[in-house]
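Written out below as structure tokens is the structure these notes cover.
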Amino acid sequence: MASKSLPIPSPPGFPIIGNVYHIDPQAPAKSTYSLAEVYGPIFRFFSFGGSAVVITSQNLAAEVFRHHRFCKCVFGVFNQLRQGVNDGLLTADHIHDENWGIAHRILAPGLSARSVHLMFDKMFAVLQPWILESAQRGDIIAEATELFTSISLNMVVSCLMETQSFSSDPHNMDLFSKSMIGFLKGSVERTGRPAFLNLIPTPANIRFWRDIRNLRLTAETILEERLNNKIEKDDLLDRMIKEKCAKTNKTMAKKSVIDNILTFVIAGHETTSSTLSFLFYYLLKHPNTYAEAQREIDTIIGPRKITQQDLPKLSYLTACIRETLRLSPPIPAISLKSVQINDTSNSISLGDEGYQLYQNEPIIVLLSRLHRDTSVFGDDSDLFVPERMLGDNFKKLPSTAWKPFGHGIRQCLGRQFAWQELLLISSVLLQCFDLELQDKCIPLEVKQTLGAALVWTRLWGVAQAPRGVAEAPPVQFLLDTTTVSNVVTDTRKAHHQLSHLLSTHYGDHVNTVPYRCGTLVFANVFCSYLILLSRQGKVRLAKWFTTLSPKEKAKIIKDVTQLVLSRRTRMCNFLEYKGIPAGTVIDWTPLIRSPDSKIVYRRYASLFFIAGCASTDNELITLEVVHRYVEQMDKYYGNVCELDIIFNFQKAYFILDELLLAGEMQESSKKNVLRCISQQDSLEDMEFLPLREFEDVTSALNFDTVDCHVVGGCDLYTTKAAGADRKLYKNIEQSLESQYESLLRLSASLSPPNASDAAASLNLSRSSPFGPLSEHSSRRTFAYLIATLNASHPDYDFSHILRPTDFRRERSLKKVMNTIDTTLFNLKPRLTSDRTPPSPTTTTAPYAPDATPTWGPRMWRIIDEQMSLKECAIYSYSPEEDPSDADDGAIWSLNYFFFNKNRKRVCYIFLRGISILSHSPPDGTETPVGKRTVDDGYLTPDLGARKRARYWLGERSGFRNKGPYSHDEAMQMQERRESVDEYDSYVLSDEDFRSRSGSKGTVRAMSEEIADAMEV
1 MASKSLPIPS PPGFPIIGNV YHIDPQAPAK STYSLAEVYG PIFRFFSFGG
51 SAVVITSQNL AAEVFRHHRF CKCVFGVFNQ LRQGVNDGLL TADHIHDENW
101 GIAHRILAPG LSARSVHLMF DKMFAVLQPW ILESAQRGDI IAEATELFTS
151 ISLNMVVSCL METQSFSSDP HNMDLFSKSM IGFLKGSVER TGRPAFLNLI
201 PTPANIRFWR DIRNLRLTAE TILEERLNNK IEKDDLLDRM IKEKCAKTNK
251 TMAKKSVIDN ILTFVIAGHE TTSSTLSFLF YYLLKHPNTY AEAQREIDTI
301 IGPRKITQQD LPKLSYLTAC IRETLRLSPP IPAISLKSVQ INDTSNSISL
351 GDEGYQLYQN EPIIVLLSRL HRDTSVFGDD SDLFVPERML GDNFKKLPST
401 AWKPFGHGIR QCLGRQFAWQ ELLLISSVLL QCFDLELQDK CIPLEVKQTL
451 GAALVWTRLW GVAQAPRGVA EAPPVQFLLD TTTVSNVVTD TRKAHHQLSH
501 LLSTHYGDHV NTVPYRCGTL VFANVFCSYL ILLSRQGKVR LAKWFTTLSP
551 KEKAKIIKDV TQLVLSRRTR MCNFLEYKGI PAGTVIDWTP LIRSPDSKIV
601 YRRYASLFFI AGCASTDNEL ITLEVVHRYV EQMDKYYGNV CELDIIFNFQ
651 KAYFILDELL LAGEMQESSK KNVLRCISQQ DSLEDMEFLP LREFEDVTSA
701 LNFDTVDCHV VGGCDLYTTK AAGADRKLYK NIEQSLESQY ESLLRLSASL
751 SPPNASDAAA SLNLSRSSPF GPLSEHSSRR TFAYLIATLN ASHPDYDFSH
801 ILRPTDFRRE RSLKKVMNTI DTTLFNLKPR LTSDRTPPSP TTTTAPYAPD
851 ATPTWGPRMW RIIDEQMSLK ECAIYSYSPE EDPSDADDGA IWSLNYFFFN
901 KNRKRVCYIF LRGISILSHS PPDGTETPVG KRTVDDGYLT PDLGARKRAR
951 YWLGERSGFR NKGPYSHDEA MQMQERRESV DEYDSYVLSD EDFRSRSGSK
1001 GTVRAMSEEI ADAMEV
């Protein structure tokens, strides 16, 4: 702390009102910026008896950000926003507020980088219909702020709450949108008025409270719909309703859920639209920068659909967004306050100059000036220079030099979502359109809402034209995998847009269109049914995309057969058909309720491919869909013929399902369709080695005990057949690799001080039992185990469930053998000895020892002959939730994989204990243990669950002193002891042999009877 003390300068003011006349109530941020230019790095202004200190220099801001004497302060427009959203994440007064803490801990995982990456498809789906409509309209003039506000609002609502209830179209606003804009404008206006004036029921105040009521009623309606319909959706709203706080074990209160719904909708779209408006203004004002950003898009993405993995590669566009956030941050200031350290002083000293701050006095760090500090950014700090934010230049910046997302624990929780949103929207616009300012002479004007500098409507426009087909088609990114129908609310309108786009830009002949443009046309094709008919009138395949009764389907097949077979070869392939019953509701468009429809057919060899469509649809497009289906089957089968479809009809249905979904074009790329089918085949073709010896091994793993059924298996697979078709493994490898790289890059792009920390936290090799996941061999091993589980349990798909952390590398073969041996030895039922008192139920017990093979050294020799166990890498599988265990009601399980890389084989041994409570014996008889009690005059015999409970509790000496074992049991135990020693000598190393312990092994879980005995 400095020994000297300087007074904080302040503009001259008037009594009582202070410096109110210096602040423009319509743009308080701009007025404060003007005062900072006059009064320097720190000044104080007064208003109606209160005061606040404004800081604009890096040195003072660094002390405020880093010192524990300063914390978050709700000030200015945020204080008015509290009237509507209360203790939301943005407006909560303090981090110790219980509602803020619960909401923050619940919502933070839902907005992590991994979760946001999964929202990419939803974001793109919101953006897609607007791109289609704009491309169809050609050269247009769009209001930038209206455009970006509409897109960002729909994107926030659709991704975080999965509802289309809102609309921000300024020409057709619903009640929510009007109330939201009124609430934001009212908050800014009320900030510049004395507090007592806000209590007077003036028309402005009445409108303000009415807008708040409408907003909260709408949010409450959304919440009630979700609660009443019990819709299971993995989104942020679902987390608010169901998740519990890890610290307090409480769920969010209903009022808190409504507060945060409004917080995300209001703050999430307003700041993003502001940043996008400024971004394109700066780009269009600097043509060379605009050209460089567009050149990067063309180089990295080109004429294809953008993917989430492309975003971290757009380094120059990222630098442009960072520079925009520097010059025009969406939140122009960070509000803090000084907290009282002791009671002896009423002020706090700040900086080397010793500026004195009052206790609890608001401190405003003006970001629009802080980001232009010449000591950090040089003399050209007011210029738009993206190169200063590239690579190492950005990393070298001080930690307090760039704070567009806030500071500390109260920084923006949705920054990952906003960053992905900014990159996606800007990259798609640069890819598909050539933009220019409508009038380059009109100066930029700014209005303020939510405390953010926002380009308001009708102040500047963007002339928008689709880019030429030779460079990049205006809708090229739709060509590969995305379906317009998933996101366009009015599918009929989108269909007309595509038809008009086709006839306007590419002519009336589909076959003359270049391949990439022709694929665009497929994006919105509608079929009501598809029928494959032989020349003899036999139906080989029939797929219906409408809801029809069997009688109606039979009538259509009969009529279509007669119409098509009666036509000559050279006749037109399009027919008018009135056979669909009037009043039938077609799922893909509710507008088709008349009996008018069309038949589009084409003959290939001995088969007629017949498709039904609406009378208003384009027949050529439907015909191209049929032809694409034939090409897909010919590519898969290889010179497909009618017999291929007859004997492998299920594959024909699979291909059609990949191609069409609900009658609409799902996938136009033949490569992608065949990849999906090949992935299904790879699961079926994982070659199982049916060795007779392994049947004995499997039999030894299946038996019944007193309290559970033990179900097990020993499956042997070879990876050679699956390795020939590498697509399943390649997909898993690419998924892990892209996840690792994108998380690392995206996290490092947000803030300079977080870059190194993010890189360290994303070192996936620490949690991978297969080694560093950045290595090809580690990812392939993980893929082999997933494929093995899929093949062993065909009713489940583990590809999207399991993670590398669900497996564990077993370092000792000896321990694994001991675990399996000991588990089976203690579970296997024994012959009843003379220690067991006579009972009339013993002869009727359903769990008598069976004649199945007994687990022993011979089983290990069988496995070793095929696997060479000494060369195997051993993995255990223990996920948090095993779907197969849940269905079977298993109370414990063991899962081991023995992977021999040299022999390209995987041996999968699994054991499950299924409780008799969920799987009772068929005859319903009681077990001996269940009938015996202490009242019978003797203790319950040491059989079944009680015996194992006493064994695991440590009472092992009693087992040896109870009495002699039967002859068969004694021989069995002797054979086992000799076999373990013998097997250790030729399988285990000397080091493992010396480290061998006498542990009996463990069982993962146990029955309720054992749990009661252990007082769990």
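With full-length UniProt numbering, the residue at position 228 of the sequence shown is 228, and numbering never jumps. Backbone N, C-alpha and C define an ideal beta-carbon position, used for all residues, glycine too.
Under the DSSP definition of a beta bridge, which residues are partnered with residue i?
i, result
"Y653", "Paired residue(s): none; Y653 is not in a bridge."
"W892", "G913"
"S335", "I364"
"G50", "S47"
"N900", "R905"
"L357", "I348"
"V539", "L533"
"G18", "F14"
"L575", "I599"
"C613", "K598"
"K72", "L336"
Please work out which residues of its chain come closer than 8 Å, Cβ to Cβ, to residue i, disregarding the five sequence neighbours upstream and downstream, and give them in chain order.
i, result
"L127", "I151, M155, L424, I425, V428"
"L563", "L575, Y577, I599"
"L227", "I241"
"N360", "K337, S338, V339, Q340"
"R692", "none"
"A52", "R44, F45, F75, E361, P362, I363, I364"
"M867", "L716, F898, N900, R903, R905, C907"
Would you kindly report the start and end of the unbroken beta strand (DSSP E) that includes residue i?
i, result
"residue 1081", "Because the chain spans 1 through 1016 in this model, residue 1081 falls outside it and cannot be assessed."
"D568", "Per the sequence presented here, residue 568 reads as Arg, with Asp not at that position. Taken as a continuous stretch (DSSP letters only), R568 belongs to no beta strand (DSSP E), as it is neither H nor E."
"Y601", "597 to 604"
"F280", "That residue, F280, is in no beta strand (DSSP E); its alpha helix (DSSP H) goes 254 to 285."
"R809", "807 to 810"
"I874", "873 to 877"
Between which two residues does the alpha helix (DSSP H) holding residue i run?
i, result
"W209", "203 to 229"
"F545", "Here F545 belongs to no alpha helix (DSSP H), and DSSP marks it neither H nor E."
"C159", "144 to 160"
"E693", "692 to 700"
"E243", "Per DSSP, E243 belongs to no alpha helix (DSSP H) and is neither H nor E."
"L397", "Run containing L397: none; DSSP gives neither H nor E here."
Relative to the alpha-carbon of residue i, which residue among the options has its alpha-carbon at the smallest distance?
i, options, result
"E667", "N648, D644, Q632", "Q632"
"I102", "F798, I364, N249, E37", "N249"
"K904", "T719, D379, N818, I531", "T719"
"K285", "L435, W209, P404, L565", "L435"
"V265", "S158, H371, E224", "S158"
"P404", "R809, E421, A333, W892", "A333"
"R82", "L620, T263, Q356", "T263"
"A791", "D821, P772, H776, L689", "L689"
"S778", "T805, G537, Y796, L789", "T805"
"T56", "V116, G351, A92, I301", "G351"
"S878", "E865, W855, K814, F807", "F807"
"residue 1030", "L659, V539, E421", "Because residue 1030 is not part of the residues shown, which for the chain are 1 to 1016, the question remains open."
"D238", "F183, G186, L217, I261", "I261"
"H68", "C613, R540, H407", "H407"
Among the residues of its own chain, which have a CB less than 7 Å from the CB of residue i, if the five just before and after it don't count?
i, result
"D259", "V85, N86, D87, G88"
"A246", "R105"
So, at 6 Å on beta carbons, what are the nonlocal neighbours of residue i in its own chain, with the 5 sequence-adjacent residues on each side left out?
i, result
"Y637", "D644"
"T457", "The predicted model places T457 with a pLDDT of 30, which falls under 50 and marks its position as unreliable; any figure quoted below should be read in that light. Cβ within range, chain order: E143, T145, E146."
"C73", "S335, L336, K337, P362"
"T781", "F770"
Any contact between the stretch 701 to 715 and the stretch 866 to 877? By contact I mean 3 or more CB pairs, one from each, below 8 Å.
no
Any chance the stretch 23 to 43 sits against the stretch 310 to 329, with 3 or more Cβ pairs inside 8 Å?
no
Give a yes or no on contact between the stretch 551 to 563 and the stretch 621 to 630, applying the rule of three or more CB pairs nearer than 8 Å.
no
Using 8 Å as the cut-off, can you tell me whether the stretch 377 to 392 makes contact with the stretch 108 to 128, which would need three or more C-beta pairs spanning the two stretches below that distance?
no
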